[in-house]
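Heads up: the structure comes next, in structure tokens.
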Amino acid sequence: MTPTTSNDLITPLRAASRNLAREWGFLRPKIAGSDLSAAAVHALIELGNGRSLSVDELAAELRVSTGQVRGVVVPELVGRGLVKSEGEGGIYGLTEEGKETLGRINGFARRQVAKALEDVGGGNGVTAGDITSMFRIWTQALERAREVGENFPTPAVTPGQEESPFGLPGTGAVAGAGVEPAVAKRTVEIVSGYQPGILGRVVEMHMEYYYPKYNWGREFETVFTEGMLDLLKRVGNGKGNQAWAAVLKQPGGKDRIVGTVFIDGEITAKEGVAKLRAFIVDEEARGLGAGRKLLRAAMDFIMEEGFGQCKLTTSKELMVARKMYETEGFKPMGEYWYGGWLEGVCSMEYLWERPAGKHTPSEDGTLKGKEV
């Protein structure tokens, strides 16, 4: 069938395909009656029935790049406690919670399909078997067309495993099958010290995450802003206080702060002990390495300033963030449940201690920090 003779079929088929994608919810951020992305839902389905798959295998099943699976899908599922790593080699399988979530998704889908099938027929002779057969034939035809015809590229973003506020996983690398177009890539630059607008952005990013998730409103915003304002006044005062901003560089666009981390060298009131605070990355910067770069800059500062210890507090459910902290040498020291308006959140305390023998000489030749 040539394009000339099939135009009358192509247009309505494209329209039907668009409507089908919209009805299935693929244009929405969350699908299948869940609070997961479409890619995460499909990954859960592929990992069902006791299967364990590698990143490469998941990418092949989902028809996406390994960068997207590694930087987007896996962090989202691991961060939610739905998927776990099974030994070495990057093999992943479902947790018990993941199996329960998949059960709910399958139940939702079955009800949706069953209800639609009730409307099929109507005297036109079409059966459920006919629909299944046509879907199978059409899917196989699309697969063959992609293999032997044109490629369908999508804009590429630098691969990386990233996190949302306090390390929650989210979006990341997006790469299509076939040849990628020559597009200007976004980059992130880490800058230290006060930056115009940093206070407003760190508060905004925290509220965008914590209000929808925990309903932390005015009281949280007020307390958090007051604390960050106090710290910002002390940044760069020579007493171990510093700030870093991840600045998104967009070709043809305006630079924007998309992540922060602060070191407070005075809050503990103990000599040689600092605290890591306000580590957060905006959604639009996920997949660009912003979180990893921010944390590395902060830890370099800790070493250079000669601190013997560094503390931090994070939420227990933020497993990706906790993994990052532990990679940097932080060790869990305990956990507790918040009360009052923070009720329902389990907090974890972490402590980093300078490795024995690693000290930073000061300008006068003495050692900074205490012996550990």
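Mapping of the sequence shown onto full-length UniProt numbering: residues 1 to 372, in sequence order. The C-beta atom is built at its ideal place from N, Cα and C for all residues, glycine as well. Quick caveat, the model's predicted, so the values are computed rather than measured.
Nearest to residue i (by Cα), restricted to the options the options
i, options, result
"residue 42", "337, 77, 324", "77"
"residue 296", "343, 245, 336, 316", "245"
"residue 47", "292, 275, 83, 314", "83"
"residue 293", "63, 189, 133", "189"
"residue 348", "312, 205, 329", "312"
"residue 229", "264, 256, 209, 303", "264"
"residue 38", "50, 21, 52", "21"
"residue 309", "240, 55, 73, 62", "240"
"residue 256", "99, 273, 18, 202", "202"
"residue 318", "135, 81, 103, 18", "81"
"residue 92", "129, 131, 51, 108", "51"
"residue 450", "44, 134, 356, 335", "In the structure displayed, the chain extends from 1 to 372; residue 450 sits before or after that span and is not available."
"residue 326", "316, 352, 222, 305", "352"
"residue 340", "10, 102, 103, 220", "220"
"residue 211", "342, 137, 329", "342"
"residue 281", "193, 320, 337", "320"
"residue 209", "113, 45, 278", "278"
"residue 254", "64, 187, 15", "187"
"residue 13", "133, 138, 193, 332", "138"
"residue 350", "126, 344, 334", "334"
"residue 104", "268, 34, 242", "34"
"residue 102", "61, 115, 45", "45"
"residue 269", "299, 291, 307", "307"
"residue 135", "114, 95, 17", "17"
"residue 266", "291, 232, 290", "232"
"residue 300", "133, 131, 329, 322", "329"
"residue 338", "86, 276, 315, 331", "315"
"residue 97", "56, 55, 79, 72", "79"
"residue 114", "131, 56, 99", "131"
"residue 331", "354, 344, 298", "354"
"residue 193", "298, 273, 222, 225", "298"
"residue 36", "271, 74, 10", "74"
"residue 324", "346, 345, 290, 336", "290"
Beta-bridge partners of residue i, as assigned by DSSP
i, result
"residue 276", "263"
"residue 312", "350"
"residue 92", "53, 85"
"residue 334", "349"
"residue 189", "247"
"residue 281", "259"
"residue 242", "263"
Span of the alpha helix (DSSP H), counted from its first residue to its last, around residue i
i, result
"residue 231", "218-234"
"residue 305", "290-305"
"residue 127", "Counting along the chain, residue 127 falls outside any alpha helix (DSSP H), and DSSP gives it neither H nor E."
"residue 212", "198-214"
"residue 322", "319-327"
"residue 40", "38-46"
"residue 79", "74-79"
Take every Cβ of the stretch 216-223, pair it with every Cβ of the stretch 286-301, and state whether three or more of those distances are shorter than 8 Å.
no
Contact between the stretch 189-200 and the stretch 249-261 (3+ Cβ pairs under 8 Å)
yes
Counting pairs of beta carbons, one from the stretch 249-256 and one from the stretch 222-241, are three or more of them closer than 8 Å?
no
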